[in-house]
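Scroll down for the structure; my scribbles are underneath it.
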Amino acid sequence: MTEQSQGPANSSEHVALPCNTLPFQRNRAFYGRSAILDELSGALRPTDDEPRVRSVGLHGAGGISKSQIALEYADLEVRRGTQVVLWIGSETDAEVSKSFTEAASSLKLRDYSPNNTPDQNKIAVLRYLQNTSTFWLVIFDNVEFEDTLTQNWPRTGNGSILVTCRSEFLVDSQVDVPIEVPTFTSDEGSELMMQIIGRNNPTQDERIAAVELSDRLGGLALGVDIVAKQIRTSKRFKSVKDFLPHFYEDRCELLKKPKRSGFNIYYSKDLDTIWNTAFVSLEEASQSTAARLLSLLCYLAPEGIPQWVLETKEQVPEEWQFFGSVTKFEEASDRLRDLSLIRINDETGFLAIHRLIQEAYFDRMDAEQKADAFKTALKLLRAAFPGRTGHNHLYTRWQVCEQLRQHILAFQSQHEQLKEQGFFSQDEAFIRLICDCAWYLLEIQSFQDCEKTLQKADANCEDKNSLAYAYLCCNLVSLYERTGRSPKAVEHALRSLKIREPLSKDNDKNDLANAYSDLGYSSVSNYEAKEAIKYFGKAIEIAKADNNPEFYKTFNIDRFLRNRGRAWMLLGDIEEAVKDFDEAEDYQTKIHGPGSHYHGEVTYERAKIAAREGNDKEAYSLLEKAYQLVSKGKPTHSSVMAVRYQQACACIRMGNDNQAEKHLNEALAICQLNELQRGNKGESARVKWRLSQIMTRRGLMEDAKMLRDDAEETRKALEQTGDYASGQTGDSAWDVFMGLLYR
């Protein structure tokens, strides 16, 4: 701390003890934070070593309850018998001066006088603190500037100092122990809400609604306090559940303090006031890069933001080029951290911003600023998220996709808000970005999330004759086919091909080949194998006509051949099917190396051929080999379920019901695990139907009936939707609810 002229020491000075200048009495409704209070006690309580000044700093976003924690700890020290507890309001110089004058007066220091200057009273207090043997605690609350501490910090003494401020940098540089105050967890926030509302025994529905609302508020203490009091004082809302829809519709108004709740001495400011000061300082010319960074962060998910996405060399307008400079980017992010508007995880390096700060700044931006930030965010996200050039898979890039998917989905959601305000992007890069993220969701079998994402993209794409829409249709083809809705898959495959055929030029041949392949694939899935052969033939012809000897690296020739092989199998032409599978394996080995997931797919089809030829032992062996290939890294994938199901069928034909039951139970466990994201129980129904046959043979008629009835109920419900292939009997009547790969 800087040297100060504080006069001679006088350790024997008589003062009025005990003395505390806490601004309020203890908040009887204080909730939680026991771990932080314990940490404060461990760091600030006196020990047997030499008297010294110990210090801790609480930092975090505005409204997170830093002052509340400090007040609770200070009151705890008073109750423990600490004789001197001084509260120094530190937001402004005037507050500091007033607090030191109150401290000098309360202590009845010899040098205190109402006629003193503020500095004279401060010097008297500091002189006392530095020389008394009485243990003391000083709280500097809501510090905004480093000088507030350097000019008022006792250099020596037998006491402890607790600082609260937003800036982690200020805390790190001034105190012994910095502590970041976290937001409340979902359960903590909901419990606090119930406490404020006065619900001692909430219903389960009320608890669920409170958790949802706590999540929506990001666990911010002041947000929970304001909203809970809105509910408590309102005559409209009988419960949190009643309040939720209104909160989503009118968030800005309902985050303001309710007029009838009275003045809250523990939270004297509302959220707008807390953040407005920080926002204004950002928008000064010298801080414009920090303001731009904050505006862009409003388009991403609040947690887990990889810095590498933002530190880009991508072409952006001049005013955004600080993203390409490590130094300038760090200056911008440091400014946001200094104001506790963002956090950086020490272990991962990921950025985080509180949801309510995002929303407050997004609401503050004008239409031009929002559009500008959207366009830049699109460039950065498009550069970061793997593209599906040539409609290739994303399996090898799942780690990056997983890091970014929440941010792509948040970006799409923010666009929905922009649409309501008159901004409507038809940028092809935007549509393709959303589609590529949806494809990743498809690969990891998050079918429900995938469908919601693509449906929003479909509604957003106005030009239904554009190549961007054709690309969207290709994604919908795969979604509908993999979830068994083959008629819808055929419908969208036809739409895609109708667009691509007249628009395709020489450099679009790959997309055209994929469009033919998609129509062939969805046709096989819809039990229209003859038509499918024709479409696959066109796709293969386009690929092989390419002059590049390594055309297989550009075109998905291995996939075209695998799927045509499946069409030949459906037609009963095993010889042609084997030819296509052999050729597909040659290409996929060149592309992916031996032992890939795709080799597992072909092995699975060869097993079905062996079964058709009556060689169940060979079929079972091939299926076990397929299992080893398709389950690597994906033990709950539908392809694993399919293998176990076919192994069970082979065991049944070989008279081994016990082993068959084991495989079916494993398959059923995978089906049920995936049901929530799949959106229906079609896969489970097929397995239950098979299990019922085993139970029947064992004479367990009640168990058999329960399984069979459950399966039949699901089958009838799905058939009534009209979304699945019709007219199939026997095994195929159950297979229609699967994607082609899993039949």
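Residue 121 in full-length UniProt numbering is what sits at position 121 of the sequence shown, and the numbering runs on without skipping anything.
Idealized CB from N, CA, C, for every residue including glycine.
Original post:
Helix or strand or just coil, what does DSSP make of K47?
Top reply: Inspection of the sequence shows that residue 47 is occupied by Thr rather than by Lys. It is coil, neither helix nor strand.
**OP:** Measure the CB-CB distance between W136 and Q83 and report whether it falls below 9 Å.
**Re:** Yes. Within cutoff.
**OP:** State the Cα-Cα distance for the pair R606 and P306, rounded to the nearest angstrom.
**Re:** If you take the alpha carbons of R606 and P306, they lie about 44 Å apart.
Subject >> Residue(s) in a DSSP beta bridge with H59 >> reply: In the DSSP output, where bridge partners are listed per residue, H59 has C165 and E180.
Original post:
Ordered along the chain, which non-local residues of its own chain (more than five positions away) have a Cβ less than 8 Å from that of G739?
Top reply: Result list for G739: E481, R482, T483, G484, S525 and S638, in chain order.
Subject >> Straight-line Cα distance separating Q647 from A619 >> reply: A619 and Q647: Cα-Cα distance of roughly 8 Å.
Original post:
Are R495 and D508 closer than 9 Å when you measure CB to CB?
Top reply: Not closer than 9 Å, so no.
Original post:
For the 8 Å Cβ check, are there 3 or more pairs between the segment 440 to 453 and the segment 379 to 395?
Top reply: As far as the Cβ criterion goes, the segment 440 to 453 touches the segment 379 to 395, which means the pair count is three or higher.
Subject >> Residue range of the alpha helix (DSSP H) that includes N658 >> reply: For N658, the enclosing alpha helix (DSSP H) covers residues D657 to R678.
**OP:** Ignore the nearest five residues each way along the sequence and tell me which others in Q659's own chain have a CB closer than 6 Å to its CB.
**Re:** C651, listed in sequence order.
**OP:** Report the residue from F24, C19 and R54 whose alpha carbon sits nearest the alpha carbon of G89.
**Re:** Considering only alpha carbons, the answer is F24.
Subject >> Distance between N510 and T554 (C-alpha atoms, nearest Å) >> reply: One C-alpha to the other measures close to 7 Å.
Original post:
Taking the alpha helix (DSSP H) that F385 falls in, what are its first and last residues?
Top reply: For F385, no alpha helix (DSSP H) segment is defined, and its DSSP state is neither H nor E.
Original post:
Which one of D366, V687 and K705 has the shortest CA to CA distance from R733?
Top reply: Arg is not the amino acid found at residue 733; the sequence shown has Ala there. Nearest option by C-alpha distance: V687.
Subject >> Supposed contact pair L40 and Y73 - C-beta distance, whole angstroms, cut 8 Å >> reply: Indeed they touch by this definition, with Cβ atoms about 5 Å apart.
Original post:
So the beta strand (DSSP E) R343 belongs to, where does it begin and stop?
Top reply: Run containing R343: I342 to I344, per the beta strand (DSSP E) assignment.
**OP:** Below 8 Å on the Cβ atoms is my guess for T203 versus L296; work out the distance and round it to an integer in Å.
**Re:** Contact flag wrong, Cβ pair sits at about 42 Å.
Subject >> Range of the contiguous alpha helix (DSSP H) that encloses N131 >> reply: Boundaries of the alpha helix (DSSP H) harbouring N131: P118 to N131, taken from the DSSP string.
Original post:
Count the other CB atoms within 10 Å of the CB of Q68; is the residue buried (16 or more) or exposed (fewer)?
Top reply: Q68 should be labelled buried.
Original post:
Terminal residues of the continuous alpha helix (DSSP H) containing W398?
Top reply: Element bounds for W398: W398 to E420.
Original post:
Nearest to N656 by CA position, among L673, Q693 and W689, is which residue?
Top reply: Nearest C-alpha to N656: Q693.
Subject >> Distance, G387 Cα to A544 Cα >> reply: This sequence places Lys at residue 544; Ala is not what is there. Approximately 24 Å between the Cα atoms of the pair.
Subject >> Same chain, Cβ closer than 8 Å to D710, five either side skipped, listed in chain order >> reply: Excluding positions up to five away in sequence, the list reads A685 and K688.
Original post:
Which whole-angstrom value describes the C-beta separation of S106 and A16, a residue pair presumed to lie in contact below a C-beta threshold of 8 Å?
Top reply: Right, the Cβ-Cβ distance comes to about 7 Å (below 8 Å), so this counts as a contact.
Original post:
Going along the chain, which unbroken runs of the alpha helix (DSSP H) with 4 or more residues stay wholly within the segment 582 to 626?
Top reply: Listed in chain order, they are 597 to 612.
Original post:
Since C361 contacts L294 with CB under 8 Å, what's their CB separation in whole angstroms?
Top reply: The residue asked about is misnamed: residue 361 is Tyr in this sequence, not Cys. With a Cβ gap of about 6 Å, Y361 and L294 count as contacting.
**OP:** Alpha carbon to alpha carbon, how far is C19 from S5? Give it in angstroms, no decimals.
**Re:** Residue placement at S5 cannot be trusted, given a pLDDT of 35 that sits under 50; what the coordinates show is reported in the next sentence. In this structure, the alpha-carbon of S5 lies about 25 Å from that of C19.
Subject >> Rounded straight-line distance, which links the Cα of D147 to that of P8 >> reply: With a pLDDT of only 43 at P8, under the threshold of 50, the placement of this residue in the model should not be trusted; the figure read from the coordinates follows. When rounded, the separation of the alpha-carbon atoms in P8 and D147 is 23 Å.
**OP:** In the DSSP assignment, find the alpha helix (DSSP H) that holds A459 and state where it starts and stops.
**Re:** Residues F447 to N460.
Original post:
Under a Cβ-count criterion, where at least 16 other Cβ atoms within 10 Å of its own Cβ denotes burial, should R678 be classed as buried or exposed?
Top reply: Result: buried.
**OP:** For D215, I'd like the list of residues in its chain whose CB is within less than 7 Å of its CB, leaving aside the five on either flank, ordered along the chain.
**Re:** For D215, where only same-chain residues beyond five positions count, the Cβ hits under 7 Å are S186.
Subject >> Pair within 9 Å by beta-carbon distance, S55 and L44 >> reply: Yes, Cβ-Cβ distance for S55 and L44 is below 9 Å.
Original post:
Taking the C-alpha atoms as reference points, what is the distance between L300 and R405?
Top reply: One Cα belongs to L300, the other to R405, and the distance between them is close to 10 Å.
Original post:
According to DSSP, what are the bridge partners of V85?
Top reply: Looking at the DSSP output, V85 bridges to N20 and L137.
Subject >> Closest by C-alpha distance to A626, when choosing among E347, F145, K241 and R644 >> reply: The shortest CA-to-CA distance from A626 to any of E347, F145, K241 and R644 is the one to R644.
Original post:
When the distance is taken between beta carbons, is L691 closer than 9 Å to residue 768?
Top reply: Residue 768 cannot be examined here, being either before or after the span of the chain that is shown, 1 to 743.
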